[in-house]
Amino acid sequence: MSDTSLEQKTTRNQWWDVWDQFRSHKGAMMGAFVFFIIVFAIIFGPMLWPYDATSIDIRSRNQGPSWAHPMGTDQLGRDTMARVMAGGRVSLAVGMTAMVIALILGTLVGVLAGYFRRLDGILMRLTDLFLALPLLPLLLVVIMLFRDKLSANFGPEGGIFILMVSAIGITSWMQTARIVRGDVLALKEREFVLAARSIGTPNRRMITRHVLPNVMSPIMVSATLGIATAIITESALSFLGLGFPPDFPTWGRLLRDGTDFLQQFPERAIWPGLMISLTVLGVNYMGDGLRDALDPRIRGR
Amino acid sequence: MKLRTALMGAAAMMTAASPLLADGHEGERGRDGELKIIYWQAPSIMNPYLSGGTKELEAASLVIEPLARYNQDGALVPWLVDEVPTVANGGVSEDLKTITWKLSEGLKWSDGSPVTSEDVKFSWEYCTAEGGGCAQAEKYLDVTSVDTPDARTVVVNFGVAKPFPYGPFVGAQAPIIQKAQFADCMGANAPTCTDANFNPIGTGPFTVTEFKPNDVITLAANENYRDASKPAFATVTFKGGGDAASAGRAVMETGEFDYAWNLQLAPEELDRMESAGKGKNVVSFGTSVERIMINFTDPSPELGDRRGTTDHPHPFLTDKSVRQAMSMAIDRALLVEIGYGNFGRLTCNVLPAPAAFASTANDSCLTQDIDGANALLDEAGWAKGGDGIRTKDGVKLSVLYQTSTNAVRQDFQALIKDWWNQIGIEVELRNIDASVFFGSDPGSDDTFQKFFADVEMYTNNFDGTDPEAYMAGWTCDQRPRPETQWQGNNMPRFCSDEYDALRAELSTTGDIEERARLAKAMNDMLMQEYVMLPLVHRGRNAAHANTLGGVVMNVWDSEIWNAADWYRIGN
Amino acid sequence: MLNYTLRRLILTIPTLLFISFIIFIIVKLSPSDPTGGLPLTIPPEVREQIREALGVNKPLMVQYFLWLKQFFWLEPRIYLEAAFGWDLGTAGETRLISYATRSPVMDLIWQRMPQTLWVVGTAYLVGVLIAVPIGVISAYKQYSIFDQTGTFISMIGFSVPPFFSGVLVIVIFSVLIPTDSFWWLPSIYDTTHEVTDWESFKYQFRQMIMPVMVLALQITAQISRFARASMLDNLNQDYVRTARAKGIRERKVVLVHVLRNSMIPVVTVIALGIPGIFGGAIITEQVFKVNGLGQLLIIAIQGGDVPTVQTLTFIFAILIVLFNLVADVLYGLLDPRIRYE
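Protein chains in written order, with the numbering used here: chain A, 161 to 461; chain B, 281 to 851; chain C, 236 to 576.
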C-alpha cells in the first residue's frame with residue numbers, strides 16, 4: 161500500500177493520505193461498515209418495514225421471534241423491529257448531536273484554559289461549577305423554563321429534541337475540558353511548540369496547527385464514550401418523564417423497558433442493547449482509525 | 281349497630297379472607313426467629329404524624345397502634361379497647377357529638393409503663409399543636425376537646441354532629457403515642473426529637489432496635505406485648521429501597537425475603553415469579569380507582585394567568601357527547617388484563633366500594649363500543665377531516681393526555697391513544713415525574729392540580745370506609761384556581777348546584793342506608809355526566825414467602841396490621 | 236508549587252460560596268414538592284400546614300443564609316463539641332434538618348458513608364488497578380488479540396448501562412443458581428451487616444461481588460481507554476526512540492519513561508472520578524439496594540428535600556474542587572516542565 165501512496169505524494173492533497181491510512185486500518189473499516197449499516201437501516205428501514213413503531217396489535221402481543229416479527233412483539237403487540245429502527249433514529253440523532261456539542265464545548269474550554277494562563281483560573285472554576293451541579297434538579301428547572309417556549313417554536317418533538325440535546329451536551333463537556341487542558345499544559349512546554357512560538361507563530365495558528373492535532377487522542381476517546389453516555393442519559397431522562405413523549409421509542413427506553421422482562425422475553429432487552437453496543441464499537445474503531453490516520457508519524461509507516 | 285352491620289355487609293364483596301390463625305399455630309414469643317420484610321420504597325421516619333406516606337404508616341404500624349382499626353373486610357375491630365363504641369352500645373351520644381372509648385385492662389407500653397387515657401389525649405394534642413405540620417390533622421377535624429375522666433376512659437367531643445365519629449384514634453393514620461416520650465416534641469419542636477421519631481415507644485408487637493432512615497429498620501419482639509404468645513418472630517428486618525421488580529424477585533424467586541409490598545408489575549411477570557414456587561401473590565380490593573379526569577376548562581397557554589379556570593370553558597370537552605364517546609371507545613376489560621391482571625377489576629364507578637356504596641347504574645361502560653362512539657360524534661356534528669381528525673366550527677378534537685411516569689400508565693396511554701385515534705380524536709401524550717405531578721409547587725405548571733392538559737390519569741382512593749370527604753372533592757368550591765393557589769380536589773372543575781346540594785345533605789345524614797343512597801346518587805351524577813372516566817378498580821397487592829403464615833391482606837388499614845399473628849410454617 | 240497550592244486553596248472559598256448559591260437557586264427552583272409523595276387522601280390544607288412547618292415558604296434569601304449559617308457555623312461546632320467535649324453553646328439550636336426524615340442531614344450522610352465507600356470505593360480501586368495495566372498492554376501490543384479483546388469488552392461494558400447489567404447478574408447469580416450453591420450471591424445488600432470475624436467477612440465479600448463487578452466494569456472501560464490512547468501517543472515520540480537507542484531496557488522505557496508521560500489524561504480522569512465515589516452510584520445502589528449516598532440523593536431529589544439535596548451536592552462540590560486541585564498539583568509532579576506561578 162505504501163508504494164502507491166509514496167509515488168503520488170507530491171501531487172496529492174494530504175487528505176488523500178489520511179484516507180489511505182484510514183482505509184488500511186482494518187478495524188476502522190469494519191467499524192465504519194457496521195456503523196453505516198446501522199445508519200442506513202434506521203433511515204430507510206422504517207420506510208420498507210410494513211409495521212409502524214407505535215401501531216398496537218393487541219392480538220399478537222408478547223410474541224417471540226417469528227417471520228412476521230423477527231424480533232418479536234412487546235406487551236402491547238407493537239413490532240420490536242419497527243421500534244428498534246424508529247428508536248435508533250432518535251437515539252443516534254441525540255447521541256451524535258449531544259456528543260458533538262459536548263466535544264466542541266469541552267475542547268474549546270480545555271484548549272483555551274490550557275493555552276492562555278489568564279483564562280485558566282476562571283474557566284476551570286466554571287468547569288468545577290458545572291461538575292458540581294446536581295443534574296436532575298437542573299434538568300427539571302431547564303425543562304420547566306424552556307419546554308413550552310421551545311415546543312411553541314419547534315413543535316413538541318423538535319422542542320424536546322433541542323432541549324435534550326443541549327441539556328446532555330452542556331452537562332457532559334467538563335471531563336473532556338479537564339483532560340484536554342491537562343494535555344495542553346504539558347504540550348505547551350514541548351520543544352516543537354517552543355520552536356514554533358520562537359518564530360512568531362500567532363496563537364490561532366499555534367492552536368490549530370500544533371496544539372489541536374496533538375490532543376486528538378483524548379478527544380477521540382471522549383467522543384466514543386460520549387455517544388454511549390448520551391444514549392444512556394437520554395434513556396434515564398425519558399424514564400423519569402423528562403425526555404421524549406412516552407410513545408416515542410428510543411434505544412435507551414427500549415432497553416430499560418425490556419429489562420423488566422429479562423427472564424421471560426430476553427430478546428426485548430438484547431436487541432436494543434446490542435444496537436447501542438454495536439454503534440459504540442463502530443464509532444470507537446472509526447475513532448481509532450481516524451486518530452492513526454491523522455498522526456503523520458504513524459501515517460506511511 | 282346499623283353501621284357495623286352495613287360495614288360487615290361490605291365484606292361480601294371483598295376477597296375471601298383467609299381465616300386468622302387457621303393452622304392453630306401457637307407457642308411462645310419469639311419462637312420463629314427472623315422475619316424479613318422488603319418495601320421497595322424505604323420508610324423515612326417512624327412517626328406517621330410527621331409523614332403521611334404509606335410506607336411510613338405501615339412501618340410504624342408494627343410499633344404503634346390505634347384504639348381500633350379496620351380488618352380485611354373493612355369492618356372496625358377493637359384493638360386497644362374491648363369494644364368499638366356505637367350509638368347502640370351507648371358509646372356514641374345520641375346527638376353524635378361525643379364518643380367514649382374505654383381502654384383495655386392492663387395495657388403496657390414497650391418500656392413497661394401503663395397506657396393511660398392521658399396518652400390518648402396527648403396524641404390528639406400532639407397532632408393539633410400549632411406549627412407541627414401534622415400530616416394526619418384531617419383525622420382530628422372538628423374535635424373540640426378530649427376528656428379523661430379516669431385512667432382508662434377517653435371522651436372525644438366534636439364541635440358538630442359526626443355521623444361517622446371514627447376519625448380520631450382509629451386506623452394506622454391515627455395511632456396512640458406515649459406522652460412521656462413526646463411531651464417536649466410538640467409543634468415546632470417536632471423535628472428536634474429525632475430519637476423519639478425514629479424509635480417511638482409503642483404498644484405494638486415489635487420495638488425498634490435500630491432505625492436507618494430510607495434504608496433499613498431492625499426490630500425486636502416487644503417484651504411487654506399484651507399477648508404472651510405473640511409475636512412469633514423474635515426480630516424483624518424491614519429493608520427498603522430498590523424497585524418493585526427486585527422486591528418481587530427477592531421474595532418469590534430467590535427467597536431472600538418473606539414479604540414484599542406494593543408490587544406494581546406486569547401481571548405476566550408476577551405470574552412467572554410465582555411459578556418459581558417460593559412465594560405467592562396476595563391481593564385485596566379497597567377503594568382505589570384508576571381514572572381519567574376531563575378538563576372542563578381551557579388549558580391553552582395563550583390564556584395566560586386565566587388558563588385552566590372557569591373564565592374559559594373548554595372548547596370541546598364541555599360537549600357531553602365528546603366525553604361520552606371518549607368513554608365508549610375504551611376497552612376496560614383489556615386495560616385490566618394488560619395492566620393489572622388479577623390485581624384489577626372492572627368498574628364503571630369512581631366509588632367502587634364498600635359494596636353498599638357501589639352503584640350498578642353505569643355498567644354500560646363495561647363493553648367497548650367504537651362504532652357507537654363514532655356514530656355519537658357524527659350525530660353531534662363532529663365531522664372527520666381528511667387527516668381522520670374530527671372538527672366542528674373550526675375546533676379540532678385534539679387532546680393533550682398527561683399522567684405520572686409509571687410503566688403501566690404509559691401502556692394505558694398508548695392503548696387509549698390508539699382507541700381515541702379510531703374515533704377521530706388526535707392525542708398527544710405526556711408523562712411527568714410523580715414527585716412533580718403529585719407535588720403542589722405553585723411554580724410548576726405540571727402538577728395534577730393545575731391540570732394544564734385536556735385529560736389526565738391517576739389513581740385516588742379514600743381512607744377507611746366512609747366516602748363523605750372523598751365525594752365532597754367534586755363540589756364547586758373545591759375547584760383549583762389561582763385564588764386558592766391551585767389547591768383543591770375538583771380537578772375537572774366540574775360544578776353543579778344539584779351535586780353540591782347532595783353533598784350538603786350527606787354531611788347531615790346519620791342513617792347509613794340514606795348515606796349510601798346519597799353517595800350513589802353523587803357517583804352516578806359524575807359518571808353520567810362523564811366528568812371522569814373510571815378505568816380500573818385497583819387492588820393492593822403484595823407477595824409473601826410460602827413459609828410465612830398468617831398473612832391477611834388488608835387494604836383498609838396498614839397491610840401488615842396483623843404482623844403479631846404471623847408465623848413460620850414448617851417449624 | 237506550595238505557593239500556587241495555597242493560592243488555589245484560598246481561591247476555593249469564594250468559588251465554593253458561589254457554587255453553593257447557584258446550587259441553592261437550582262434546587263429551590265426545581266418543581267418538586269416535599270408533600271408530593273404523600274397519599275392523595277391528605278387534603279390540601281394539611282399539605283400547606285406541613286409546608287409551613289418545614290419552612291418551605293420562607294423567602295429564598297432567608298433560607299439560603301439559614302443554610303449557610305447551619306452548615307458553616309453550627310454543624311462544625313457540633314462536631315467539635317462531640318470530638319473534644321467542649322461546650323460551644325450549640326444546645327437548643329436547630330441543626331440542618333431533612334424534610335423527609337426530620338433528622339439532621341449530617342447524621343444521614345455519616346450513616347450512609349460506610350456502605351458507599353465500601354462498595355463504590357472498592358469498585359473504583361479495582362477498576363483503576365485493572366484499567367491501567369490493560370491500557371498499557373493494549374497500547375504496547377496495539378491490534379494484538381489482547382488489545383482487540385480488551386477493546387471489545389470495555390466498549391460493551393461501557394455501552395451497557397448498570398440498570399441492565401445489574402439485573403442480568405442478579406438473574407444469573409441469585410435466581411438461576413440455586414440458593415445453596417457455592418456460586419449463589421445475595422441480590423440484596425445488607426447494610427446492617429458488621430464484619431467481626433472471618434465468616435462475616437466472607438459474607439461481606441460475597442454481597443459486594445455483584446455491585447462491585449457491575450461498577451468496576453464501567454470504570455475499567457473508561458480509564459483503560461484513556462490510558463491506551465495516551466500511551467499510544469507517547470510510544471511514537473522521539474524521546475522513546477532516543478531512550479531505546481541509548482540501550483535502555485525495553486521494560487524500563489515503557490514503564491518509566493512512557494508511562495509517566497502518558498499519565499496526565501489518566502490522572503485527570505481518575506481524579507475527576509474520586510468525588511464520584513462519594514456521590515455514590517445511583518443506579519447500581521438502587522439495583523442492589525446498597526442504599527448509600529447516591530440513593531440518599533435521588534430520594535431527596537424526588538421528595539423535594541431541599542436541605543438534603545443542597546448539603547449533599549455541596550459536599551460533592553467541595554470534593555470536586557479539591558480533587559481538581561490535586562490533579563493540577565500532580566501534573567506538575569509528573570511533568571516538571573508544567574509550571575504554576
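Quick reminder that beta carbons are idealized off the backbone N, C-alpha and C, glycines included.
Open item on the list: Which residue marks the beginning of the beta strand (DSSP E) containing ALA843 (chain B), and which one marks its end?
Closed with: It is not in any beta strand (DSSP E) - ALA843 (chain B) carries neither H nor E in the DSSP assignment.
Task: Residue burial classification, TRP418 (chain C) (beta-carbon count within 10 angstroms, cutoff 16) - done: exposed
TODO: Would you identify the three-state DSSP class for TYR378 (chain C), choosing helix, strand or coil?
DONE: coil
- [ ] Find the residues of chain C that neighbour GLY433 (chain A), judging by a C-beta separation of less than 7 Å, and give them in chain order.
- [x] VAL395 and PHE399
- [ ] Only counting runs of 4 or more residues, tell me where the alpha helix (DSSP H) segments fall wholly within the segment 464-532 of chain B, in order along the chain.
- [x] 474-478 and 524-532
Open item on the list: In this structure, how does DSSP classify LYS560 (chain B) when only helix, strand and coil are distinguished?
Closed with: strand
Open item on the list: Could you give the first and the last residue of the continuous beta strand (DSSP E) run that contains ALA822 (chain B)?
Closed with: 812-825
Open item on the list: Quick check: what's the CA-CA separation for THR671 (chain B) versus ASN575 (chain B)?
Closed with: 19 Å
Open item on the list: Is it buried or exposed, GLU336 (chain B), if we count other Cβ atoms within 10 angstroms and call 16 or more buried?
Closed with: buried
TODO: Name the one or two DSSP bridge partners that THR739 (chain B) has.
DONE: B:GLU570
Open item on the list: Mapping the DSSP letters down to three states, classify VAL630 (chain B) as helix, strand or coil.
Closed with: coil
Open item on the list: So for LEU828 (chain B), helix, strand or coil by DSSP?
Closed with: strand
Open item on the list: Under 7 Å, Cβ to Cβ, is there at least one residue of chain C near GLU394 (chain A)?
Closed with: no
TODO: Determine the burial state of TYR314 (chain C): buried for a count of at least 16 other Cβ atoms within 10 Å of its Cβ, exposed for fewer.
DONE: exposed
Task: Neighbour-count burial assignment, ASN834 (chain B), 16 or more Cβ in a 10 Å radius - done: buried
Open item on the list: I need the boundaries of the alpha helix (DSSP H) containing SER348 (chain B), first residue and last residue.
Closed with: According to the sequence displayed, residue 348 (chain B) carries Ala and not Ser. First-last for ALA348 (chain B): 348-350, but that is the beta strand (DSSP E), not the alpha helix (DSSP H).
TODO: Please decide whether ILE254 (chain C) counts as near chain A, where near means a Cβ-Cβ distance under 7 Å.
DONE: yes
Task: 4 or more residues per run - each alpha helix (DSSP H) lying fully within the segment 610-694 of chain B - done: 612-619 and 650-659
- [ ] Could you tell me which residues DSSP puts in a beta bridge with ARG710 (chain B)?
- [x] B:GLN682
Task: Secondary structure of GLU314 (chain B), DSSP reduced to three states - done: strand
Open item on the list: Just to confirm, is the Cβ distance from GLN346 (chain C) to LYS492 (chain B) under 7 Å?
Closed with: yes
- [ ] Spell out whether any CB of chain C is found under 7 Å from the CB atom of GLU349 (chain A).
- [x] yes
- [ ] Below 7 Å between beta carbons is the criterion; list the residues of the segment 443-468 of chain C that meet it against any residue of chain A, in chain order.
- [x] GLN457, ARG460, PHE461, ALA464, SER465, LEU467 and ASP468
Task: Backbone CA spacing between LEU301 (chain B) and TRP541 (chain B) [nearest angstrom] - done: Bear in mind that a pLDDT of 44 at LEU301 (chain B), under 50, signals an unreliable position, so the number given afterwards is only what the model happens to contain. Between LEU301 (chain B) and TRP541 (chain B), the C-alpha separation is close to 21 Å.
Task: Within chain B, the residues that ALA317 (chain C) reaches when beta carbons sit closer than 7 Å - done: Per Cβ cutoff of 7 Å: no residues; ALA317 (chain C) is ~15 Å from chain B at best.
Open item on the list: Give me the residue from A:ILE392, A:PHE421, A:PHE408 and A:SER395 with the minimum Cα distance to ALA524 (chain B).
Closed with: A:PHE421
TODO: Output the distance between the C-alpha atoms of LEU330 (chain B) and CYS414 (chain B), rounded to the nearest integer angstrom.
DONE: 6 Å
Open item on the list: Any beta carbon from chain A within less than 7 Å of ILE509 (chain C)'s own beta carbon?
Closed with: no
- [ ] Can you tell me which of the three DSSP states ALA540 (chain B) falls into?
- [x] strand
Open item on the list: Using beta carbons (cut-off 7 Å, strictly below), is ASP856 (chain B) in contact with chain C?
Closed with: Residue 856 (chain B) lies beyond the range of chain B shown here (281 to 851); nothing can be said about it.
Task: Proximal chain B residues relative to ILE430 (chain A), where beta-carbon distance stays under 8 Å - done: The contacting residues do not exist; ILE430 (chain A) stays about 17 Å from chain B at best.
- [ ] May I ask you to report which of helix, strand or coil DSSP gives ASN238 (chain C)?
- [x] helix
Task: Where ALA246 (chain A) falls, given that 16 or more other Cβ within 10 Å makes a residue buried - done: buried
TODO: Tell me, please, whether the CB atom of LEU657 (chain B) is closer than 7 Å to any CB atom in chain A?
DONE: no
TODO: Excluding the 5 residues preceding and the 5 following GLY385 (chain C) in the sequence, name in chain order all residues of the same chain whose CB lies nearer than 6 Å to its CB.
DONE: ILE369 and SER373
TODO: Determine, using beta carbons only, whether PRO500 (chain C) comes closer than 7 Å to chain A.
DONE: yes
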